[in-house]
Amino acid sequence: MSFLKGLTTGPNQVQDNRPETWPASTKWEQELSELNFNEKADNEPRFRHLLWKKVFERQAGAEKPFFSTPIETEKITWSIWLTPDALWDRFDTLSWNKLRQGEERRLFKEKFDKIIKEGDATFNENGELELHGCTFFVWTSRLDGP
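For the sequence shown, the numbering used here assigns the number 2 to the initial residue and increments by one for each residue that follows.
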């Protein structure tokens, strides 16, 4: 992939932060996304809201834009094997999940555990489940702006 040479990569996205318009890889990951997206949130814009794209779209209308548009994008999909506890630890680092305390946190964890236990996740011989994600790349060219 020669177009990637010298570029800074975009964010790695696992199913918990993908835009809602991107389909989940599995039913259980869709359920986990819905739990994550539809429960308490901190109302901060995230990658999944795609607001970052507006920076490029807005400047394109300027008399002397800074970047060429439309922006170019590429996604490389991947998967990783995690224990259910390791996946919970990952979820527990997300700020909107850290907001949950006490009974609310316990109930959220119960829903999380139910999705893992009753969903269609693929488990390996070590009891790890396959989690899907992607690395999302964005690039553009700098123009001679103001």
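All C-beta atoms in this analysis are idealised placements derived from N, C-alpha and C, irrespective of residue type, glycine included.
Any C-beta of chain C under 9 Å from that of residue i
i: P46; result: In the structure shown, chain C cannot be found, because there is only a single protein chain.
Opening and closing residue of the alpha helix (DSSP H) in which residue i lies
i: I72; result: Where I72 is concerned, there is no enclosing alpha helix (DSSP H), given that its DSSP letter is neither H nor E.
i: E30; result: 28–39
i: R59; result: 54–61
Rounded straight-line distance, which links the Cα of residue j to that of residue i
i: S55; j: F92; result: Going by the sequence as given, residue 55 is Lys instead of Ser. Using only the alpha carbons, I get a separation of about 28 Å.
i: D145; j: F137; result: 26 Å
i: E75; j: L36; result: 27 Å
i: T78; j: L100; result: 30 Å
i: L95; j: R19; result: 13 Å
i: C135; j: W23; result: 11 Å
i: W53; j: V139; result: 11 Å
i: L88; j: H50; result: 22 Å
i: R106; j: D114; result: 12 Å
i: P46; j: N39; result: 15 Å
i: P71; j: A61; result: 9 Å
i: S26; j: F48; result: 18 Å
i: D90; j: E21; result: 23 Å
i: L132; j: D86; result: 13 Å
i: W29; j: D121; result: 6 Å
i: E32; j: R143; result: 40 Å
i: W97; j: N44; result: 8 Å
i: G103; j: S69; result: 49 Å
First through last residue of the beta strand (DSSP E) which encompasses residue i
i: W131; result: With the sequence shown as reference, residue 131 is identified as Glu, and Trp is not the correct amino acid for it. Residues 130–140.
For residue j and residue i, believed in contact at Cβ under 8 Å, the rounded distance
i: I117; j: L130; result: 7 Å
i: T141; j: E73; result: 7 Å
>> Below 8 Å, how does it come out for the stretch 122–142 and the stretch 80–95: are there three or more Cβ pairs, yes or no?
In response: yes
> Counting only runs that start and end within the stretch 81–128, where is the alpha helix (DSSP H) found for 4 or more residues in a row?
Replying inline: Taken in chain order, the complete alpha helix (DSSP H) segments of 4 or more residues contained in the stretch 81–128 are 85–92, 96–99, 103–119.
>> I'd like to know if the stretch 63–70 and the stretch 95–110 are in contact, where contact means that at least 3 CB-CB pairs between them fall below 8 Å.
In response: Too few Cβ pairs lie closer than 8 Å, so no.
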